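Number of protein chains: 2
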Amino acid sequence: MSLHSEIFEQPARLEALLGSQRTTVEEIARAIRARGVAFAFLAARGTSDNAGRYANYLWGSFNRLPMALATPSLFTYYQQPPLLKDALVVGISQSGMSPDILAVLEEGRHQGCLTLAITNAPGSPLAKCADYVLDIQAGPEMAVAATKTYTAELLAIAMLSAALSGSEQAWRDLQLLPQWIERVFSLDESLALSAQRYRYMSQCVVLGRGYNYATAFEWALKLKELTYVEAEPYSSADFQHGPIAMVASGFPVFAVAPQGRVFHSMLEVLRRLRDDLSADLLVISNEDTALELAHVPVRLPAEIPEWLTPIIGIVPAQLLAYHLTQAKGYDTEKPRSIRKVTETQ
Amino acid sequence: MSLHSEIFEQPARLEALLGSQRTTVEEIARAIRARGVAFAFLAARGTSDNAGRYANYLWGSFNRLPMALATPSLFTYYQQPPLLKDALVVGISQSGMSPDILAVLEEGRHQGCLTLAITNAPGSPLAKCADYVLDIQAGPEMAVAATKTYTAELLAIAMLSAALSGSEQAWRDLQLLPQWIERVFSLDESLALSAQRYRYMSQCVVLGRGYNYATAFEWALKLKELTYVEAEPYSSADFQHGPIAMVASGFPVFAVAPQGRVFHSMLEVLRRLRDDLSADLLVISNEDTALELAHVPVRLPAEIPEWLTPIIGIVPAQLLAYHLTQAKGYDTEKPRSIRKVTETQ
């Protein structure tokens, strides 16, 4: 069962990344500063796109770098790609093989932009095309559903943010990540029991905001890939602009709402869902007020800094998706209809 | 029943917009050219966010302007917003009232950027804050679910693209929009019958790509708001990076796939869904090869240019959502849990 063991490999893989790539990351940060980059232009698909959502918030708030998430079809199907003057062009891909992500990096290079590949395959076409390569050091991932490559991509993004900010406190926080994730593993047995509750669930929504907008998307993707549940992710704000109408009494809502600057806006939506709409709530948090609203509370360590909550908060979500896959009697290693490497144009 | 009549008002409203705002739009285009804008930074929620997705593709491919879709919580909850040097900051909002969209425009103004409000409320706080206002001229919209304000926002975006490109052919194409939409109205009765098929549907996915990525999102949003179906939108590329695993035999897939540069990539996915996965397909298209794959084909006029297909292609989707709401016995005017103006922070 490689999926379960790859989830449990994460502390060691993140430690390897922290230990081996800081020099490279500092060099990339120097190149970004030297070039006077105006914005980041980031291309990715699937799990890597969710890592890109984290970069969008983290680099935006810690490093004041605005980000455009690339629409690769503009580079592969339409005649004239956007002008990328003064952009840092970033491709994120576990395999470094998707032709559309490669096309964005090649165009960035063609236009003279600084280019960066974040990948688990430093010999891949994507890596060969880029000025700089951040090797996420996750080791071979055998399960079709990505887990350790996701948290390694998040950590690579967080390391670059720390290097750009020059904050030694940020680097010290990063060192503690592996042990925080170890602590989450103690939830494994109780999550296996909780998963039973959702054996017959066919649809749900997943909410997160700010840094954990990425977590909501990645959690929903694991549920779709592994358990075939139609799990739709939202920011709590977007959710209120229409989709909340779907919620009838008993409708399942999963939420990730750790302490931090967007916590109160998340709590407000959770209260409305519980008190006014009688939704069925599963909440990952380290705040009692949010956990108390949940039918199924999942408690994170209390002291994790907000900016690192996505790297830790996705782990119970991965475990829950794994156990629900088993509860539903599906294959945890090879989901139907998808392969490990998807080569979209 | 204002929803149905507002759908039918669209040709007249678009004609009013075309007739009254071209001078303003040309002036905005001159200001954009004069400022040497490097990228657009666009803030919107809900239906207006879907209009923003159209701008992302259209301004990217016709005007080579890269776009970042803003993450408003970076402006309302996190301490330091991104640096927006050389950005065109755009807010799209029917009501011009949402505090988070306003916060993005205010910050853009504070940083000395060129700012543009696209709104149905030229006296609103959003309009008052912006350097330029594009009044979408849609008239009062009474139904909670937005229809005519969506197509008017798309047209405003398309007019700005035409002005930036200086193409007289583009302006001539735009003049034909109202009559193409009139032709779609002839489908109203058959769509009312088709809607019956989905009376007991509780979930589906909605696919589109390129310019019609926006259509997939807006169609899904109408289904969620009005019929409470969990309808999840995807680009056909993203869909293959994981979510396609959800599709079991008989699973309903709605798609918008008109002729154009991404048509063959859409057709390939539709073939896989039909032939390999036995999905149940509803397809909006003007290509026989796509319509023949569908259990429920919805035919668009043959000769519409690709860049305008989103403005016409959403209309049968609106009608279908309207009739399905009636088939399910819900309120077409006031969906549960949502209001016309949603004021998120």
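Here the protein sequences line up with chains A and B, keeping their order.
So for the first sequence, my numbering puts the first residue at 815; every next one is plus one.
So for the second sequence, my numbering puts the first residue at 815; every next one is plus one.
Glycine included, C-beta positions come from ideal geometry on N, C-alpha and C.
Here the structure is a predicted model, which means the values were calculated and not measured.
Assumed close pair residue i, residue j - CB separation to whole angstroms, cut-off 8 Å
i, j, result
"Val-958(A)", "Cys-927(A)", "Going by Cβ atoms, the distance from Val-958(A) to Cys-927(A) rounds to 33 Å, so no, they are not a contact pair."
"Ile-842(A)", "Leu-968(A)", "The Cβ separation is near 16 Å, so there is no contact."
"Met-881(A)", "Leu-856(A)", "6 Å"
"Thr-933(B)", "Gly-910(B)", "4 Å"
Bridge-paired residues (DSSP) for residue i
i, result
"Val-1129(B)", "DSSP output for Val-1129(B) lists no bridge partner at all."
"Arg-1113(B)", "Ser-1099(B)"
"Gln-1017(B)", "Glu-1044(B)"
"Leu-902(B)", "Ala-854(B), Leu-928(B)"
"Gly-1022(B)", "Ser-1049(B)"
"Asp-1094(A)", "Pro-1066(A)"
"Ser-907(A)", "Thr-933(A)"
Contact check, residue i vs residue j, beta carbons under 9 Å
i, j, result
"Leu-883(B)", "Ser-1008(B)", "no"
"Gln-1132(A)", "Lys-1038(A)", "no"
"Gln-1073(A)", "Ser-1016(B)", "no"
"Ile-1098(B)", "Leu-1114(B)", "yes"
"Tyr-1136(A)", "Leu-1021(A)", "no"
"Ala-865(A)", "Ile-971(A)", "yes"
"Lys-942(A)", "Ala-952(A)", "no"
"Pro-1149(A)", "Leu-1001(A)", "no"
"Gly-874(A)", "Leu-888(B)", "yes"
"Ala-1045(B)", "Arg-1023(B)", "no"
"Pro-992(A)", "Gln-835(A)", "no"
"Leu-1095(B)", "Arg-1088(B)", "yes"
"Ser-907(A)", "Ser-862(A)", "yes"
"Phe-876(A)", "Ser-1004(A)", "no"
"Leu-879(B)", "Pro-936(A)", "no"
"Thr-838(B)", "Tyr-946(B)", "yes"
"Tyr-891(B)", "Arg-1075(A)", "yes"
"Met-1060(B)", "Ala-1069(B)", "no"
"Tyr-1027(B)", "Arg-867(B)", "yes"
"Thr-1161(B)", "Asn-870(A)", "The question about residue 1161(B) has no answer, for chain B in this structure spans 815 to 1159."
"Ala-1104(B)", "Phe-1077(B)", "yes"
"Ala-944(A)", "Ala-960(A)", "no"
"Ala-1034(B)", "Tyr-1042(A)", "no"
For residue i, the three-state DSSP class (helix, strand or coil)
i, result
"Ile-1118(A)", "coil"
"His-927(B)", "In the sequence under discussion, the amino acid at residue 927(B) is Cys, which differs from the His named in the question. If DSSP states are grouped into helix, strand and coil, Cys-927(B) belongs with coil."
"Ile-950(A)", "coil"
"Met-881(B)", "strand"
"Ala-1135(A)", "helix"
"Ser-1151(A)", "coil"
"Ser-1000(A)", "coil"
"Thr-838(B)", "helix"
"Thr-1146(B)", "coil"
"Leu-1107(B)", "coil"
"Val-1061(B)", "coil"
"Val-1076(B)", "coil"
"Glu-823(B)", "coil"
"Tyr-964(A)", "helix"
"Gly-1056(B)", "coil"
"Arg-847(B)", "helix"
"Met-973(B)", "helix"
"Ala-959(B)", "coil"
"Gly-874(A)", "helix"
"Thr-1158(B)", "coil"
"Gly-866(B)", "helix"
"Tyr-891(A)", "coil"
"Asp-787(A)", "This structure leaves residue 787(A) out entirely; chain A is present only between 815 and 1159."
"Gly-980(B)", "coil"
Among the options, nearest to residue i - alpha-carbon criterion
i, options, result
"Gln-1159(A)", "Val-918(A), Ser-816(A), Ile-1125(A)", "Val-918(A)"
"Pro-1066(B)", "Glu-840(B), Val-1110(B), Leu-828(B), Val-839(B)", "Val-1110(B)"
"Leu-1091(A)", "Glu-1082(A), Gly-1064(A), Asp-1102(A)", "Gly-1064(A)"
"Asn-1100(B)", "Val-998(B), Ala-1051(B), Met-911(B), Glu-1044(B)", "Val-998(B)"
"Ile-1058(B)", "Tyr-871(A), Arg-1153(A), Ala-848(A)", "Arg-1153(A)"
"Pro-939(B)", "Gln-951(B), Pro-913(B), Gln-925(B), Ala-952(B)", "Pro-913(B)"
"Val-1155(A)", "Ala-869(A), Glu-955(A), Pro-936(A), Gly-850(A)", "Glu-955(A)"
"Ala-852(B)", "Ala-869(A), Asp-900(A), Gln-894(A)", "Asp-900(A)"
"Leu-898(A)", "Ser-909(A), Arg-849(A), Gln-925(A)", "Gln-925(A)"
"Gln-1010(B)", "Ala-1141(B), Trp-1033(B), Val-1019(B)", "Ala-1141(B)"
"Glu-840(B)", "His-1055(B), Ala-977(B), Leu-988(B)", "Ala-977(B)"
"Glu-1120(B)", "Thr-1103(B), Tyr-1025(B), Ala-1093(B)", "Tyr-1025(B)"
"Phe-1031(A)", "Gly-1056(B), Ile-932(B), Trp-1033(B), Val-1043(B)", "Gly-1056(B)"
"Leu-872(A)", "Gln-893(B), Val-1112(B), Gln-989(B)", "Gln-893(B)"
"Tyr-1014(B)", "Glu-1147(B), Trp-985(B), Thr-1139(B)", "Thr-1139(B)"
Closer than 8 Å: residue i CB and nearest the ligand MG heavy atom
i, result
"Met-911(B)", "This structure lacks the ligand MG; in fact it carries no ligand of any kind."
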